[in-house]
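Asker: Let me give you the structure first, and then I'll get to my questions.
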Amino acid sequence: MNYNLAVIPGDGIGPEVVEQTLRVLDKIGEKYGHSFTYTKVLAGGCAIDATGGCLPQETIDICKKSDAVLLGAVGGWKWDTLPGNERPEMALLGLRKELGLFANLRPALLFEELAEACPLKAEIVEGGLDIVVVRELTGGIYFGEKGFKETDLGPAAYDVEQYAEEEVRRIAKVAFDMAMKRDKKVTSVDKANVLESSRLWRRVVAEVGKDYPEVELNNLYIDNAAMQMVRNPKQFDVIVTSNIFGDILSDEASMITGSIGMLPSASLATGNFGMYEPVHGSAPDIAGKDMANPMATILSAAMMLRYTFGLGQEADDIEAAVKKVLAEGYRTPDIAKPDETAIGTAKTGDLIVAAI
177 MNYNLAVIPG
187 DGIGPEVVEQ
197 TLRVLDKIGE
207 KYGHSFTYTK
217 VLAGGCAIDA
227 TGGCLPQETI
237 DICKKSDAVL
247 LGAVGGWKWD
257 TLPGNERPEM
267 ALLGLRKELG
277 LFANLRPALL
287 FEELAEACPL
297 KAEIVEGGLD
307 IVVVRELTGG
317 IYFGEKGFKE
327 TDLGPAAYDV
337 EQYAEEEVRR
347 IAKVAFDMAM
357 KRDKKVTSVD
367 KANVLESSRL
377 WRRVVAEVGK
387 DYPEVELNNL
397 YIDNAAMQMV
407 RNPKQFDVIV
417 TSNIFGDILS
427 DEASMITGSI
437 GMLPSASLAT
447 GNFGMYEPVH
457 GSAPDIAGKD
467 MANPMATILS
477 AAMMLRYTFG
487 LGQEADDIEA
497 AVKKVLAEGY
507 RTPDIAKPDE
517 TAIGTAKTGD
527 LIVAAI
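What follows is the structure, given as structure tokens:
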């Protein structure tokens with residue numbers, strides 16, 4: 177079977193971690209008789225330098241014609257002085273909108289081999305953590321009406337938080353479907369004590385929950401959820417929430433694992449199409465130094481195999497290979513202890529390929 181992938185290496189360490197990921201996919205193809213065709217396209221800062229815009233139409237067109245999209249990272253200091261609507265990160269918002277990527281899945285998994293890196297007390301995370309944050313990705317305040325106006329206190333800016341029932345319903349279904357395959361528990365996070373949009377959110381999630389009688393549904397306000405994430409993270413299984421709250425909570429969830437460089441993500445459209453990328457950023461300070469950890473991008477590719485292509489065994493093989501490399505004591509600089517000798521990006525790729 178041949179799979180066509182649009183590949184966005186991006187900026188900073190993006191090209192380095194993507195290169196190792198493609199090597200892993202080629203190894204999977206060799207082992208299982210698949211072939212992957214890669215079409216590299218521009219987005220982010222490199223696209224600004226080459227074309228004057230962060231998301232060329234050609235990139236959008238190629239992504240739409242592909243079976244899935246693999247993305248490294250975008251952004252960096254070089255473009256920090258640009259106006260907000262011209263920054264490299266706007267390419268991500270554009271891709272989400274153009275590709276209909278409404279559901280963001282961000283697992284927060286505490287690898288047993290990296291348990292000491294967790295900043296929480298050992299007794300809080302004993303037995304490990306396995307949380308999935310399901311974030312609505314194309315609505316809410318990030319895509320709402322924006323503007324400026326005069327007020328009694330002078331010039332002001334505003335951003336509108338708005339959700340339609342169908343936007344909430346479809347992301348809730350993703351969360352409940354995922355919970356059915358896990359521990360059958362959904363926590364919906366909102367601010368229904370203050371926001372009208374959150375009251376609608378809570379009502380629609382409850383309506384969807386009636387179709388999943390086996391799944392336990394709990395509701396938390398965002399401030400309490402953020403507190404509970406560090407107080408008792410093991411209470412969570414699947415968290416479903418809005419764009420802005422999901423942005424915050426998924427970063428918090430990834431940091432309590434102590435290894436943000438290890439965590440993948442998937443952004444899904446209706447059907448099987450998705451864009452897959454690591455949680456970490458472009459890290460321009462270590463770009464080109466063979467120091468970047470490619471494991472998050474490699475694990476994102478495993479999510480792609482599982483969710484878009486239905487290749488569960490192949491995804492399992494990649495995840496097992498990553499765990500084997502960790503179990504053997506290999507560490508990139510971001511997850512190495514002070515007394516440990518770290519390995520580079522390319523060496524990490526070599527070891528994971530060999531372990532498949």
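Each number in this note's numbering corresponds to the 1-based position in the sequence shown with 176 added.
From the three backbone atoms N, C-alpha and C, an ideal C-beta is built for every residue, glycine too.
(1) When DSSP labels each residue in this structure, what does residue 441 get in the three-state scheme?
(2) How is residue 463 classed by DSSP in three states: helix, strand or coil?
(3) Provide the residue(s) that pair with residue 211 in DSSP beta bridges, ordered along the chain.
(4) I need the boundaries of the beta strand (DSSP E) containing residue 422, first residue and last residue.
(5) Rounded to whole angstroms, how far is the Cβ of residue 216 from the Cβ of residue 183, which I believe are closer than 8 Å?
(6) Could you check if residue 324 is buried or exposed, using at least 16 other CB atoms within 10 Å of its CB as the buried criterion?
(7) Could you please give me the residues that DSSP links to residue 327 through a beta bridge?
(8) State yes or no: is the C-beta of residue 477 within less than 8 Å of the C-beta of residue 200?
(9) Between the C-alpha atoms of residue 225 and residue 235, what's the straight-line distance to the nearest angstrom?
(10) For residue 310 and residue 415, which I take to be in contact (beta-carbon distance under 8 Å), what is that distance rounded to the nearest angstrom?
(11) Can you round the beta-carbon distance between residue 243 and residue 484 to whole angstroms, since I take them to be within the 8 Å contact cut?
(12) Exposed or buried, what is residue 198 when buried is set at 16 or more other beta-carbons lying within 10 Å of its beta-carbon?
(13) If you draw a straight line from the C-alpha of residue 508 to the C-alpha of residue 306, how long is it?
(14) Take residue 296 as the anchor and find which of 180, 408, 506 and 530 has the nearest alpha-carbon.
(15) Under the rule that 16 or more other beta-carbon atoms within 10 Å means buried, what is residue 248, buried or exposed?
(16) Around the Cβ of residue 233, are there at least 16 other Cβ atoms within 10 angstroms (buried) or fewer (exposed)?
(17) What does the alpha-carbon distance come out to for the pair residue 203 and residue 449?
(18) Secondary structure at residue 372, three-state DSSP: helix, strand or coil?
(19) According to DSSP, is residue 472 part of a helix, a strand, or is it coil?
Answerer: According to the structure data:
(1) Of the three classes helix, strand and coil, the one that applies to residue 441 here is strand, per DSSP.
(2) Taken through DSSP and simplified to helix, strand or coil, residue 463 comes out as coil.
(3) Under DSSP, residue 211 forms a beta bridge with 178.
(4) Element bounds for residue 422: not the beta strand (DSSP E) but the alpha helix (DSSP H), 419-432.
(5) Yes, they are in contact, since the Cβ atoms of residue 216 and residue 183 sit about 5 Å apart, within 8 Å.
(6) Under a 10 Å Cβ-count criterion, residue 324 is classified as exposed, with fewer than 16 other Cβ atoms of the shown protein chains found around its own Cβ.
(7) Beta-bridge pairing links residue 327 to 330.
(8) Cβ atoms of residue 477 and residue 200: closer than 8 Å.
(9) A straight-line Cα-Cα distance of about 15 Å links residue 225 and residue 235.
(10) About 7 Å; that satisfies the 8 Å criterion.
(11) The Cβ separation is near 7 Å, so the contact holds.
(12) Residue 198 should be labelled buried.
(13) Per the coordinates, the alpha-carbon of residue 508 lies some 22 Å from the alpha-carbon of residue 306.
(14) For residue 296, the nearest C-alpha among the options comes from 408.
(15) Sixteen is the threshold: when 16 or more other Cβ atoms of the shown chains lie within 10 Å of the Cβ of residue 248, as they do, the residue is buried.
(16) With a 10 Å radius around the Cβ and a threshold of 16 neighbouring Cβ atoms, residue 233 comes out exposed.
(17) Residue 203 and residue 449 have their alpha carbons spaced roughly 22 Å apart.
(18) If DSSP states are grouped into helix, strand and coil, residue 372 belongs with the helices.
(19) Helix at residue 472.
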